[in-house]
Amino acid sequence: MARRGGGNEAVRDMRDIPGRDGERVRIEEAAHRCLAASGGESASVGEILAEAGLSTRAFYRHFGSKDDLLLAMFRRDAERFTAEMRDVTRAASSPTDALRRFVRATLRLTWDPRRRRNVLLMVCEQAVRAKGYGAERARVDAVADGLLAGILQQGRERGEFPWVSDASADAGCIGSLLRQAFDEQLAAPSPDGARAAGDRVVDFALRALGGRGGLAR
1 MARRGGGNEA
11 VRDMRDIPGR
21 DGERVRIEEA
31 AHRCLAASGG
41 ESASVGEILA
51 EAGLSTRAFY
61 RHFGSKDDLL
71 LAMFRRDAER
81 FTAEMRDVTR
91 AASSPTDALR
101 RFVRATLRLT
111 WDPRRRRNVL
121 LMVCEQAVRA
131 KGYGAERARV
141 DAVADGLLAG
151 ILQQGRERGE
161 FPWVSDASAD
171 AGCIGSLLRQ
181 AFDEQLAAPS
191 PDGARAAGDR
201 VVDFALRALG
211 GRGGLAR
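Start counting the sequence shown at 1; every next residue gets the next number (the working numbering).
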């Protein structure tokens, strides 16, 4: 596969990473470029290695199969998202503000050009067909719900969400609604649409939790 234009500087930077860690990064980034070039439809191990400029032996030093590679990429992006969400909620002035920030930051992934490209690759046909994808997706959803549960628990303790009875169960309900909004916005991206969808999720949550600051009626 011919090297794609526009990524030479990134390739040089990756080759500056020493040893086997550098190989792994090069393979993951090459896979990302190959998937992007095919619209997420196909990327063989051979194509990925040609793009990375590495051997088959190098691939199998780090990954047992292409499925393992795709899951590693999914896991890496999910960990970045989780870290970002932690930072977003830590910066909040209150549990209500944390809930609103969490929802908006999640839905921002559906329309922000760079973030949307990454999301689309992680839900593309190649990734979804990978063995173990369902379990990884469920794990990511559980982590997100755990972050929400922490926000709800804090809100109950501070008196902002007095109707919280089971923070984990309530977070699961809100998380399901947020994921539905996420899928809808991913299919029809719009900053205004994402904000409106986020406001509806937050409004529903605040009404269910006994909070204040929802949409005016």
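Glycine is no exception: its CB is placed at the ideal position from the N, C-alpha and C atoms.
Given the structure is predicted, the values throughout are model-derived calculations rather than measurements.
{"Asked": "Pairwise C-alpha distance: glycine 172 and arginine 108", "Found": "20 Å"}
{"Asked": "Alanine 167 burial status per 10 Å Cβ neighbour count (16 or more: buried)", "Found": "buried"}
{"Asked": "Local Cβ density within 10 Å of glycine 175, reported as buried at 16 or more and exposed below that", "Found": "buried"}
{"Asked": "Runs of alpha helix (DSSP H) lying entirely within the segment 19-95, each at least 4 residues, in chain order", "Found": "19-37, 45-52, 56-62 and 66-90"}
{"Asked": "Cα-Cα separation between glycine 64 and glutamate 84, rounded to whole angstroms", "Found": "29 Å"}
{"Asked": "Cutoff 6 Å; reference glutamate 28; Cβ partners in own chain excluding five residues on either side", "Found": "Met73"}
{"Asked": "Separation of aspartate 21 from glutamate 47, as counted between CA atoms", "Found": "20 Å"}
{"Asked": "Alpha carbon of leucine 71 to alpha carbon of valine 201, nearest angstrom", "Found": "29 Å"}
{"Asked": "C-alpha distance - arginine 117 paired with valine 164, whole-angstrom precision", "Found": "36 Å"}
{"Asked": "Own chain partners of aspartate 147 with C-beta closer than 6 Å, once the 5 adjacent residues on each side are dropped", "Found": "For clarity, residue 147 is leucine in the given sequence; the question names aspartate instead. Only Met85 meet the Cβ criterion."}
{"Asked": "Where the alpha helix (DSSP H) through valine 119 begins and ends", "Found": "113-122"}
{"Asked": "Leucine 121 versus Arg26, Ala205 and Ala43, residue with shortest Cα-Cα distance", "Found": "Ala43"}
{"Asked": "Cut-off 8 Å between Cβ atoms - residues of its own chain near arginine 101, not counting five sequence neighbours on either side", "Found": "Val88, Thr89, Ala91 and Ala92"}
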